[in-house]
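Plus 9 on top of the position in the sequence shown (first one is 1) and you've got our numbering.
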Amino acid sequence: MSEIGPDLGSESVKLVRKRKVAIISGEDSSNMVSSLNYGAIWHFFEQELKYPLTHLDIENFEDIELDEFDTLIIPSGYYGSLGNETNLEKLSYGFLEVVI
């Protein structure tokens, strides 16, 4: 029992939905993700946090539906075509949180 405020098991405490997190990986003719930065983030999530990441290949980025993700991590790298108008619209649409 909590001395102050609601108990953790009470109806006033709402469950937080698990966020679905994706990370961009790979390279194509005009984009290249830093493998060192990508690996550090991947290791941190998978090994330290024990939290799964969905890996999205940048080569197929324009075909990926981002609606199913809450957070998109963009590691350091060179992103020539990721900043085109179509992709920027895709990244700014909806409630997707983009972390760079």
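Where a beta carbon is used, it is the ideal one built from N, C-alpha and C, also for glycine.
Every value quoted in this text rests on a predicted model; they were computed, and no experiment measured them.
Query raised in the report: Are residue 46 and residue 88 closer than 8 Å when you measure CB to CB?
Result: The residue you call residue 46 lines up with position 37 of the sequence shown. The residue you call residue 88 lines up with position 79 of the sequence shown. Taking 8 Å as the cut-off, the beta carbon of residue 46 is found no closer than this to the beta carbon of residue 88.
**Report entry** Three-way DSSP call (helix, strand, coil) for residue 40 in this model
**Finding:** Stepping through the sequence shown from its first residue, residue 40 is reached at position 31. Reduced to three states, the DSSP call for residue 40 is strand.
Query raised in the report: Could you give the residue range of the alpha helix (DSSP H) that holds residue 34?
Result: Within the sequence shown, the letter at position 25 stands for residue 34. From DSSP, residue 34 is part of no alpha helix (DSSP H) but of the beta strand (DSSP E) over 30-34.
Query raised in the report: Would residue 93 pass as a contact of residue 70 if the rule is Cβ separation under 8 Å?
Result: Counting from one through the sequence shown, the residue named residue 93 turns up at place 84. Counting from one through the sequence shown, the residue named residue 70 turns up at place 61. The Cβ atoms of residue 93 and residue 70 do not sit closer than 8 Å to each other.
**Report entry** Same chain, Cβ closer than 6 Å to residue 68, neighbours up to 5 away in sequence not counted
**Finding:** In the sequence shown, residue 68 corresponds to position 59, counting from 1. Closer than 6 Å at Cβ, skipping near neighbours: 35 and 37.
Query - Where the alpha helix (DSSP H) containing residue 100 begins and where it ends - result: Here residue 100 refers to the residue found at position 91 when the sequence shown is read from its first residue. Start and end: 94-101.
**Report entry** Length of the line joining the Cα atoms of residue 33 and residue 72
**Finding:** Here the question's residue 33 lines up with position 24 in the sequence shown. Here the question's residue 72 lines up with position 63 in the sequence shown. Approximately 13 Å, taken between the alpha carbons.
Query - Rounded straight-line distance, which links the Cα of residue 62 to that of residue 52 - result: Position 43 of the sequence shown, counted from the start, is the residue given in the question as residue 52. Position 53 of the sequence shown, counted from the start, is the residue given in the question as residue 62. Approximately 10 Å, taken between the alpha carbons.
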